[in-house]
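Numbering-wise, full-length UniProt numbering puts 75 at position 75 of the sequence shown, and it's gapless, one number per residue.
Glycine included, C-beta positions come from ideal geometry on N, C-alpha and C.
From a predicted model like this one, the values you see are computed outputs, not experimental measurements.
Everything on this sheet refers to the single structure shown next.
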Amino acid sequence: MSKEWRQDVLKWYPDLHERAYFVPPVYMKRINYNVEHIAQQQVAVPRRTVKHPPKGTFEVNEGDELEDHEQQRILHCLKKFFGRGSASVPGDNADYEKVMFVLSQLQFTSYLAEPCFAPAAKKMRRPQDLRKENKDRGDFDILIIHRRYGLMAAEIKSVGTRFTGKPESEESEDKTLASKLKRIIKQLDKSEDVLRHVTGDMRNNPRVTKTLMLPNITTSQLQRVLKDNPAIKKELCACFGIADTEDPVCLCLTSDQVSDRDRFWEVTDDVMKGMDQWWKALMTSKREDPAMTKDVYEELVAKFAGPATTVEVFCPSAVSKASKVVRTEGEGVSETAARYMDFVLHQGQVQILSCGERLVYLTGPPGTGKTVILILQAEKWLRDGHDVCVVSMFSESMAASLWMYHSLQTKCPSLAQKVHFHGMDDLVNNLALRTKNDHLYVIVDEVNSR
1 MSKEWRQDVL
11 KWYPDLHERA
21 YFVPPVYMKR
31 INYNVEHIAQ
41 QQVAVPRRTV
51 KHPPKGTFEV
61 NEGDELEDHE
71 QQRILHCLKK
81 FFGRGSASVP
91 GDNADYEKVM
101 FVLSQLQFTS
111 YLAEPCFAPA
121 AKKMRRPQDL
131 RKENKDRGDF
141 DILIIHRRYG
151 LMAAEIKSVG
161 TRFTGKPESE
171 ESEDKTLASK
181 LKRIIKQLDK
191 SEDVLRHVTG
201 DMRNNPRVTK
211 TLMLPNITTS
221 QLQRVLKDNP
231 AIKKELCACF
241 GIADTEDPVC
251 LCLTSDQVSD
261 RDRFWEVTDD
271 VMKGMDQWWK
281 ALMTSKREDP
291 AMTKDVYEEL
301 VAKFAGPATT
311 VEVFCPSAVS
321 KASKVVRTEG
331 EGVSETAARY
341 MDFVLHQGQV
351 QILSCGERLV
361 YLTGPPGTGK
371 TVILILQAEK
381 WLRDGHDVCV
391 VSMFSESMAA
401 SLWMYHSLQT
411 KCPSLAQKVH
421 FHGMDDLVNN
431 LALRTKNDHL
441 YVIVDEVNSR
């Protein structure tokens with residue numbers, strides 16, 4: 001492997017041997033947009049999800065949207081857990097407990113797939129070599145390269161009524177879970193085969209550990225299903241590399257050990273304790289992998305996240321699906337900022353602007369786009385030839401009102417003379433003077449409800 005790859009990795013991740021890195025550093029959900037024009041401005045409107053999008057279209061599957069939420073939820077919990085520091089493992093190597101590299105949604109076909117590195121990549125083992133065995137396509141929901149324990153592949157499955165929102169009988173839900181478990185075991189075994197193949201040319205082969213993450217299934221439900229299906233339990237034990245008499249449930253992450261689905265950002269002390277139990281059962285009960293030297297760790301990261309492997313996030317597009325390379329935290333911040341700069345309106349906001357109602361009240365918490373709607377509506381009126389009055393109802397609304405007034409003058413400089421600002425002093429008389437043909441075009445932010 002090229003030394004330059006390792007040098008690039010050390011440049012991108014300067015604390016590689018000191019802390020956990022998550023790549024991509026931010027999780028981008030799969031949302032596509034339609035482009036519309038409102039008040040002569042281009043705005044992006046999220047497309048509605050559909051249950052079964054036709055092949056060849058750019059619609060987002062309903063299931064993909066829900067799975068995105070669960071992936072984001074799991075990653076948030078992992079970041080909180082591994083970001084807190086060492087997991088209290090005794091010994092001289094305790095600091096290594098938090099040193100790892102976490103990749104999410106890495107496609108098998110992205111491994112060593114950058115065209116400019118093709119000559120070097122052809123000399124190495126790749127998933128494409130397993131095409132005849134139908135193992136060349138797939139992805140790692142989560143792949144952890146651990147400084148101490150080697151490789152860990154995780155499958156996240158969003159099965160359960162907490163995921164679908166549709167009530168099912170206990171019997172029906174257990175049957176669905178049992179069926180899913182069979183497929184999950186095959187997927188985990190496939191991931192292991194790919195990992196063992198691509199690392200098979202290394203002098204020291206790292207250990208491969210597997211785990212299952214079921215954020216909408218309780219521990220007791222998983223135990224019940226495995227008890228009722230001993231053959232599946234036996235397969236899961238074999239998949240995890242443990243004896244049939246051992247308990248595979250403790251090696252799985254369930255809803256009891258992750259944050260609440262509706263408030264996933266709140267990782268409580270109980271969640272941290274649950275994750276700590278899962279992590280210790282999964283990894284820290286094992287001995288340190290002797291293959292995981294400093295050089296081997298760097299080599300693995302350079303292969304799976306170096307310049308020759310495509311590390312990308314979903315990039316929303318109104319025309320076609322696209323992706324964008326986001327490797328470092330700096331690139332993650334930049335891409336997040338770029339998306340925040342986009343003019344995005346939801347379907348409900350578009351309906352408000354096109355409803356034609358003469359009197360509209362907007363309510364909602366801060367940051368929900370109320371002021372944006374007011375400005376867009378005012379721009380439409382200005383471009384239709386009307387005078388617009390920006391009204392401040394009380395002293396606390398003066399700053400917001402003045403901002404809207406100056407914003408409209410900046411956005412429509414040729415129509416600046418048609419924008420008027422009024423405070424409460426003699427408000428009725430001033431507005432009466434602006435009335436034309438019994439019509440008055442007024443926007444008011446932060447209306448005084450006292």
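query, result
"Supposed contact pair residue 151 and residue 209 - C-beta distance, whole angstroms, cut 8 Å", "7 Å"
"Boundaries (first-last residue) of the beta strand (DSSP E) holding residue 254", "252 to 254"
"Rounded separation between residue 283 and residue 292 - CA only", "14 Å"
"Straight-line Cα distance separating residue 236 from residue 180", "12 Å"
"Any 3 or more C-beta pairs closer than 8 Å across the stretch 223 to 242 and the stretch 265 to 273", "no"
"DSSP state of residue 67 mapped onto helix, strand, coil", "helix"
"Local Cβ density within 10 Å of residue 2, reported as buried at 16 or more and exposed below that", "exposed"
"Proximity below 7 Å, CB of residue 446 to CB of residue 400", "yes"
"Supposed close pair residue 198, residue 147 - CB separation, criterion 8 Å", "About 19 Å; that fails the 8 Å criterion."
"Burial state of residue 23, where buried means 16 or more other Cβ atoms lie within 10 Å", "buried"
"Residue 33: first and last residue of the uninterrupted beta strand (DSSP E) it sits in", "33 to 38"
"Proximity of residue 28 and residue 313 at Cβ, strictly below 7 Å", "yes"
"Buried versus exposed, by CB contacts within 10 Å (16 or more), residue 12", "buried"
"Contact belief for residue 252 with residue 212 at Cβ below 8 Å, rounded distance in angstroms", "5 Å"
"Residue 452 versus 77, 330, 353, 192, residue with shortest Cα-Cα distance", "Lying outside 1 to 450, the shown extent of the chain, residue 452 is not represented and no answer is given."
"Close Cβ partners of residue 258 (< 7 Å) along its chain, the five nearest in sequence each way excluded", "73, 74, 77, 215, 271"
"DSSP three-state assignment for residue 420, whether helix, strand or coil", "strand"
"Whole-angstrom C-beta distance between residue 348 and residue 25, which should lie under 8 Å", "Rounded, the Cβ-Cβ distance is 31 Å, inconsistent with contact."
"Own chain, CB closer than 8 Å to residue 443, minus 5 neighbours either side, in chain order", "374, 375, 377, 378, 388, 389, 390, 391, 404"
"Backbone secondary structure at residue 182 - three-state DSSP", "helix"
"Backbone CA spacing between residue 221 and residue 248 [nearest angstrom]", "13 Å"
"Coarse secondary structure for residue 3, derived from DSSP in three states", "helix"
"6 Å Cβ shell around residue 64 - same chain, five flanking residues per side excluded", "30"
"For residue 44 and residue 357, the rounded distance between their alpha carbons", "23 Å"
"Simplified DSSP state of residue 21, which is helix, strand or coil", "strand"
"Coarse secondary structure for residue 308, derived from DSSP in three states", "coil"
"Sub-7 Å separation of residue 153 and residue 82 beta-carbons", "no"
"Residues of its chain near residue 206, where Cβ-Cβ distance is below 7 Å and the 5 sequence neighbours each way are ignored", "150, 151, 199, 289, 291, 292, 296, 300"
"Supposed close pair residue 139, residue 106 - CB separation, criterion 8 Å", "6 Å"
"DSSP three-state assignment for residue 81, whether helix, strand or coil", "helix"
"DSSP three-state assignment for residue 274, whether helix, strand or coil", "helix"
"Own chain residues within Cβ distance below 7 Å of residue 79, not counting five before or after", "22"
"Burial state of residue 360, where buried means 16 or more other Cβ atoms lie within 10 Å", "exposed"
"For residue 140: DSSP bridge partner residues", "106"
"Start-end ranges of the beta strand (DSSP E) lying completely within the stretch 198 to 260, minimum 3 residues", "208 to 214, 252 to 254"
"Spatial distance of residue 70 from residue 410 (CA atoms)", "42 Å"
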